[in-house]
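**Q** Following this message is one structure expressed as structure tokens.
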Amino acid sequence: MKLVTSLLAAAAMSIASFVAPVFAADKGVVGISMPTKTSTRWISDGETMEKLFKDAGYTPDLQFADDDIPNQLAQIENMVTKGAKVLVVAAIDGTTLSDILQKAHDAGVKVIAYDRLIRDSGNVDYYATFDNFQVGVLQATSLVDGLKAKFPNTKPWNVELFGGSPDDNNAFFFYDGAMSVLQPLIDKGDIVIKSGQQGMDQVGTLRWDGAVAQARMENLLSSTYTDGRVDGILSPY
Numbered sequence: 720m721k722l723v724t725s726l727l728a729a730a731a732m733s734i735a736s737f738v739a740p741v742f743a744a745d746k747g748v749v750g751i752s753m754p755t756k757t758s759t760r761w762i763s764d765g766e767t768m769e770k771l772f773k774d775a776g777y778t779p780d781l782q783f784a785d786d787d788i789p790n791q792l793a794q795i796e797n798m799v800t801k802g803a804k805v806l807v808v809a810a811i812d813g814t815t816l817s818d819i820l821q822k823a824h825d826a827g828v829k830v831i832a833y834d835r836l837i838r839d840s841g842n843v844d845y846y847a848t849f850d851n852f853q854v855g856v857l858q859a860t861s862l863v864d865g866l867k868a869k870f871p872n873t874k875p876w877n878v879e880l881f882g883g884s885p886d887d888n889n890a891f892f893f894y895d896g897a898m899s900v901l902q903p904l905i906d907k908g909d910i911v912i913k914s915g916q917q918g919m920d921q922v923g924t925l926r927w928d929g930a931v932a933q934a935r936m937e938n939l940l941s942s943t944y945t946d947g948r949v950d951g952i953l954s955p956y
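Its first residue numbered 720, the sequence shown is counted upward by one per residue in my numbering.
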């Protein structure tokens with residue numbers, strides 16, 4: 720958690736350094752659009768940025784969109800209408816913001832895509848993110864280390880794969896990073912995907928919805944593991 724907080728602080732401070740020249744001596748409103756409150760991660764990210772901007776003398780307008788695309792669009796439009804000079808946007812769906820970002824651009828608003836890439840728009844001035852492929856590598860490495868520790872004398876290990884939301888560009892990097900670790904073990908026979916479900920088209924979880932992932936896991940257990948055991952699950956949530 721300390722590492723995540725440090726990374727977030729570094730990202731937010733980097734954003735702040737970009738925002739500073741926009742406002743020059745006259746600091747103003749920064750709109751912060753987060754996708755949802757259902758994940759403590761987004762609450763933490765939003766509140767950390769809110770504090771950092773406030774401490775730096777800006778006026779943050781933090782909004783959460785409840786994983787509802789029209790709601791996020793309306794919130795961003797309202798931020799622009801209220802005079803925000805900079806938007807920090809963690810998009811629900813990075814392909815749905817082109818029209819509202821055009822309005823923001825026309826109003827002279829600078830746009831920062833936070834963590835999630837905003838696509839199909841030329842009106843993004845800055846992209847603050849992490850090494851998402853390496854995130855996937857670390858997730859899969861942790862899974863394999865856990866399998867070795869818990870089942871040192873048992874192979875193959877039965878593993879099922881879950882991915883993030885197919886409309887989140889980062890989810891593909893997470894998955895590819897994880898599979899760079901897991902695929903050699905699958906090819907070697909040390910790991911078996913008993914359901915046969917691989918690839919983001921089969922393992923993706925729309926909107927990162929935990930209920931969707933739970934329903935899929937329950938289906939896997941009833942359809943594939945009535946006479947077997949799941950040893951591990953890749954879950955990037």
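All C-beta atoms in this analysis are idealised placements derived from N, C-alpha and C, irrespective of residue type, glycine included.
Between Asp-895, Arg-935, Asn-877, which lies nearest to Ile-912 when the distance is taken from Cα to Cα?
**A** Here the question's residue 912 lines up with position 193 in the sequence shown. Nearest option by C-alpha distance: Asn-877.
**Q** In this structure, does DSSP put Val-749 in helix, strand or coil?
**A** The residue given as residue 749 occupies position 30 in the sequence shown. The answer is strand: DSSP assigns Val-749 an E or B state.
**Q** Going residue by residue through the region 769-844, where are the continuous beta strand (DSSP E) segments of at least 3 residues, counting only ones entirely within it?
**A** You should have 778-783, 805-808, 829-833.
**Q** Buried or exposed, going by whether 16 or more other CB atoms sit within 10 Å of the CB of Gly-918?
**A** Walking along the sequence shown from the start, residue 918 turns up at place 199. Exposed, because fewer than 16 other Cβ atoms sit within 10 Å of the Cβ of Gly-918.
**Q** Look at the alpha carbon of Gln-933 and the alpha carbon of Phe-783, and state the distance between them as a whole number of angstroms.
**A** The count along the sequence shown starts at 1 and reaches residue 933 at position 214. The count along the sequence shown starts at 1 and reaches residue 783 at position 64. The straight-line gap from Cα to Cα measures roughly 24 Å.
**Q** Can you tell me the Cα-Cα spacing of Glu-769 and Val-854, whole angstroms?
**A** Position 50 of the sequence shown, counting from 1, holds the residue named residue 769. Position 135 of the sequence shown, counting from 1, holds the residue named residue 854. Approximately 25 Å between the Cα atoms of the pair.
**Q** Suppose you measure from the CA of Ser-840 to the CA of Ala-810; what does that come to, to the nearest Å?
**A** The sequence position of residue 840 within the sequence shown is 121, counting from 1. The sequence position of residue 810 within the sequence shown is 91, counting from 1. Between Ser-840 and Ala-810, the C-alpha separation is close to 13 Å.
**Q** May I have the straight-line CA-CA distance separating Leu-792 from Gly-865, to the nearest angstrom?
**A** Working through the sequence shown from its first residue, we reach residue 792 at position 73. Working through the sequence shown from its first residue, we reach residue 865 at position 146. Each residue's Cα considered, the two are about 41 Å apart.
**Q** Helix, strand or coil: how does DSSP classify Ile-762 here?
**A** Translated into the one-based positions of the sequence shown, residue 762 becomes position 43. If DSSP states are grouped into helix, strand and coil, Ile-762 belongs with the helices.
**Q** By the three-class DSSP mapping on this structure, what secondary structure does Asn-889 have?
**A** Working through the sequence shown from its first residue, we reach residue 889 at position 170. Helix, per DSSP.
**Q** Applying the criterion that 16 or more other CB atoms from any shown protein chain within 10 Å of the CB defines a buried residue, is Asp-887 buried or exposed?
**A** The count along the sequence shown starts at 1 and reaches residue 887 at position 168. Counting Cβ neighbours within 10 Å, Asp-887 comes out buried, since at least 16 surround it.
**Q** Could you tell me which of Gly-915, Asn-797, Lys-829 sits nearest to Leu-880, measuring between CA atoms?
**A** Translated into the one-based positions of the sequence shown, residue 880 becomes position 161. Nearest of Gly-915, Asn-797, Lys-829 to Leu-880, Cα basis: Gly-915.
**Q** With H, G and I counted as helix, E and B as strand and the rest as coil, what does DSSP make of Tyr-944?
**A** In the sequence shown, residue 944 corresponds to position 225, counting from 1. Correct three-state label for Tyr-944: coil.
**Q** Taking the alpha-carbon positions, what's the Thr-945 to Ile-762 distance?
**A** For the purposes of this step, residue 945 is taken as the residue at position 226 of the sequence shown. For the purposes of this step, residue 762 is taken as the residue at position 43 of the sequence shown. If I take the Cα positions, the gap works out to 38 Å.
**Q** Quick one: Cα of Ala-897 to Cα of Gly-947, how far?
**A** Here the question's residue 897 lines up with position 178 in the sequence shown. Here the question's residue 947 lines up with position 228 in the sequence shown. C-alpha separation (whole angstroms): 24 Å.
**Q** Determine the DSSP secondary structure at Asn-877, reduced to helix, strand or coil.
**A** Sequence index remark: in the sequence shown, residue 877 carries index 158 (1-based). Residue state, collapsed to three classes: strand.
**Q** From the DSSP output, in three-state form, read off Ile-912 for me.
**A** Against the sequence shown, residue 912 aligns to sequence position 193. Ile-912 falls in the coil class under three-state DSSP.
**Q** In whole angstroms, give me the CA-to-CA distance for Phe-892 and Asn-797.
**A** For the purposes of this step, residue 892 is taken as residue 173 along the sequence shown, with counting starting at 1. For the purposes of this step, residue 797 is taken as residue 78 along the sequence shown, with counting starting at 1. Approximately 32 Å between the Cα atoms of the pair.
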